[in-house]
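Engineer: In terms of our numbering, the sequence shown opens at residue 847 and continues consecutively.
Yeah, the Cβ is synthetic: ideal placement off N, Cα and C, and Gly gets one too.
Quick caveat, the model's predicted, so the values are computed rather than measured.
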Amino acid sequence: MKKTLTSAAALRVTFVTLASLCMLVPMYLLVVNAFKSQREILSNPFTLDLGTATFQHLADAWNNPGFSILKGYGTTLALVLCVNALAMVVCAPAAYVLARTPKLVSRLLLFFFIAGMFIPTQVILVPVIFVLRAVGLMGTMPGLVLFMTATTIPFTLFVFFGYIRVLPRSLDEAAAIDGAGKYYTLWRIIVPLMRPIIATVFILNALSVWNDFASPQMILGPGSDVYTVTTGVYAAVGQYSTDYTKVFPTLLLAVIPILVIFVVMQRHVMSGLAAGP
């Protein structure tokens, strides 16, 4: 029996290792090709000759007059913060009410919101464009913030609901005995206990918002002066560009901040998902 368990564990480790290596291949190609010339990229994309490697292409991408990477960082970071703030302010009270109201209607409402997780963003982009145009928000950052907030609400609500549901009701009862209202109980007692899951949701939503290309490209428009990191990369390398000395360095600069944030904060993601009361 022990031998069988050991074999099963070894098989799982082998599978996870191979899957991880496959997922790391694109990142490996991105890194090694960011320091090479066009000829080297085309002739041997999988290796890096340290003797000919240069940081010049990264410097050129950083100083590209067609796209300010620092401006892209600032715009995308502002978008991440606004989307997360709105999503959490909306979802925290909703999740609290749904978790503390064990009625059929509450469960149906929860399922209604969760259903949004299974609808691809690209499917609803065209109808959203008509709505935003009708209310005068098409091509604006507020319109993009509202749309991306709506796309993060199903996941945020689902995770918040699951966490609040396992918090003991005695917390609410003790607060009610002390004269606290529902709003006070939520923001002063429940939300502080949700810090691990809030950190988890923030990081996962940040990854989604940072990497989104279709939404800002469609809502802000290709001719917009406002670029996120992803749309700025598209504008910088050109629609039909084959100059890989621009493509790879610009892409590397675009993913470095969110990659560093995820590596540094991954323990918070894992602890938040496994956290309990």
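Let me confirm a value: I1102 is counted as buried when at least 16 other C-beta atoms fall within 10 Å, else exposed. Which label applies?
Structural biologist: When all chains shown are included, I1102 counts as exposed.
Engineer: Locate the alpha helix (DSSP H) running through F1007, then write down its first and last residues.
Structural biologist: From DSSP, the alpha helix (DSSP H) with F1007 extends over M987 to R1011.
Engineer: Buried or exposed, going by whether 16 or more other CB atoms sit within 10 Å of the CB of N1051?
Structural biologist: The residue is buried, with at least 16 neighbouring Cβ atoms inside 10 Å.
Engineer: I'd like to know whether the C-beta atoms of L904 and F1094 end up nearer to each other than 7 angstroms.
Structural biologist: It is not a contact, given that the beta carbons lie outside the stated cut-off.
Engineer: Under the three-state reduction of DSSP, which class applies to R1015: helix, strand or coil?
Structural biologist: Correct three-state label for R1015: coil.
Engineer: How many whole angstroms separate the CB atoms of G962 and I1065, which I take to be in contact at a CB cut-off of 8 angstroms?
Structural biologist: Going by Cβ atoms, the distance from G962 to I1065 rounds to 18 angstroms, so no, they are not a contact pair.
Engineer: In terms of residues, what are the limits of the alpha helix (DSSP H) holding W908?
Structural biologist: Note, W908: alpha helix (DSSP H), Q902 to W908.
Engineer: Using only alpha-carbon positions, find the residue among I1036, M873, A855 and L1003 that is nearest to A933.
Structural biologist: Considering only alpha carbons, the answer is L1003.
Engineer: In the DSSP assignment, find the alpha helix (DSSP H) that holds N890 and state where it starts and stops.
Structural biologist: Note, N890: premise wrong, no alpha helix (DSSP H); not H, not E.
Engineer: If we ignore side chains and look at the alpha-carbon of each, how far apart do K1092 and W908 end up?
Structural biologist: Straight-line Cα distance between these residues: approximately 10 angstroms.
Engineer: So, are the CB atoms of V1047 and V1005 less than 7 angstroms apart?
Structural biologist: Cβ distance < 7 angstroms, so V1047 and V1005 count as in contact.
Engineer: Which two residues bound the contiguous alpha helix (DSSP H) that contains K917?
Structural biologist: I915 to R946 is the span of the alpha helix (DSSP H), which, as asked, contains K917.
Engineer: If you reduce the DSSP assignment to three classes, tell me which class V1072 lands in.
Structural biologist: Correct three-state label for V1072: coil.
Engineer: Going by the CB atoms, is the gap between C937 and V991 shorter than 7 angstroms?
Structural biologist: For V991 and C937, no; Cβs fall outside 7 angstroms.
Engineer: Rounding to the nearest angstrom, what Cα-Cα distance links I960 and I999 in this structure?
Structural biologist: For I960 and I999, the distance between alpha carbons rounds to 9 angstroms.
Engineer: Taking the Cβ atom as the reference point for each residue, do G920 and G1078 lie within a distance shorter than 7 angstroms?
Structural biologist: No, these two residues do not count as a Cβ contact at 7 angstroms.
Engineer: Of the residues T863, V951 and L1053, which one's Cα is nearest the Cα of V1106?
Structural biologist: Checked all of T863, V951 and L1053; the closest Cα to V1106 is L1053.
Engineer: If you draw a straight line from the C-alpha of P1068 to the C-alpha of Y1080, how long is it?
Structural biologist: So the two alpha carbons sit approximately 9 angstroms from each other.
Engineer: Looking only at its own chain, which residues have a Cβ that is under 6 angstroms from the Cβ of T997, when we skip the five neighbours before and after it?
Structural biologist: Within the same chain, T997 has close Cβ partners T967.
Engineer: Taking W1056 as the reference, which of V878, C868 and N930 has the closest Cα?
Structural biologist: If we check each option's Cα against that of W1056, N930 comes out closest.
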